[in-house]
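Counting from 4, one number per residue, gives the positions in the sequence shown under the working numbering.
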Amino acid sequence: KITTLTPNTFAGLGSVRYLYLDDNQITALAPNTFAGLGIMMYLSLRNNKITTLTPNTFAGLGSVRYLYLDDNQITALAPNTFAGLGIMMYLSLRNNKITTLTP
Numbered sequence: 004k005i006t007t008l009t010p011n012t013f014a015g016l017g018s019v020r021y022l023y024l025d026d027n028q029i030t031a032l033a034p035n036t037f038a039g040l041g042i043m044m045y046l047s048l049r050n051n052k053i054t055t056l057t058p059n060t061f062a063g064l065g066s067v068r069y070l071y072l073d074d075n076q077i078t079a080l081a082p083n084t085f086a087g088l089g090i091m092m093y094l095s096l097r098n099n100k101i102t103t104l105t106p
């Protein structure tokens with residue numbers, strides 16, 4: 004079970020289009036965790052223990068169309084959390100504990 008993802012974890016894997024990190028124990032995502040995955044289209048982080056998404060968490064993922072964050076422990080969404088996700092078509096945040104949305 005994966006518990007931690009550090010910045011630039013996926014550097015050098017620029018050809019990845021689909022990334023499934025479901026059913027792990029990930030608690031947080033740092034800015035630039037996904038740097039270098041510029042052509043990725045699908046990212047799934049379902050069923051982890053993510054509580055916080057910081058600004059620019061998904062920076063550099065301009066090609067992601069589908070982002071799944073279901074079944075985590077997310078309580079708030081900070082401004083610019085999804086900055087850089089220019090062509091995203093689908094975002095799923097089901098079964099979280101979101102109580103705060105900051106403009």
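Built from N, CA and C at the ideal position, the CB exists for glycine as well. Quantities reported herein were computed from a predicted structural model and do not represent experimental measurements.
Query: Per DSSP, what kind of secondary structure is residue 31 in: helix, strand or coil?; Result: strand
Query: Quick one: Cα of residue 20 to Cα of residue 40, how far?; Result: 8 Å
Query: Taking the alpha-carbon of residue 4 as reference, which of 30, 78, 14 has the nearest alpha-carbon?; Result: 30
Query: Put residue 57 into one of helix, strand or coil per three-state DSSP.; Result: coil
Query: How is the beta strand (DSSP E) around residue 94 delimited, first residue to last?; Result: 93-95
Query: Counting along the chain, where does the beta strand (DSSP E) carrying residue 47 start and finish?; Result: 45-47
Query: Suppose you measure from the CA of residue 101 to the CA of residue 59; what does that come to, to the nearest Å?; Result: 18 Å
Query: Is the CB-CB distance between residue 38 and residue 63 below 8 Å?; Result: yes
Query: Given this structure, state the Cα-to-Cα distance separating residue 23 from residue 52, to the nearest angstrom.; Result: 15 Å
Query: Between residue 98 and the rest of its own chain, which residues show a CB-CB distance below 7 Å, the 5 nearest in sequence each way excluded?; Result: 73, 74
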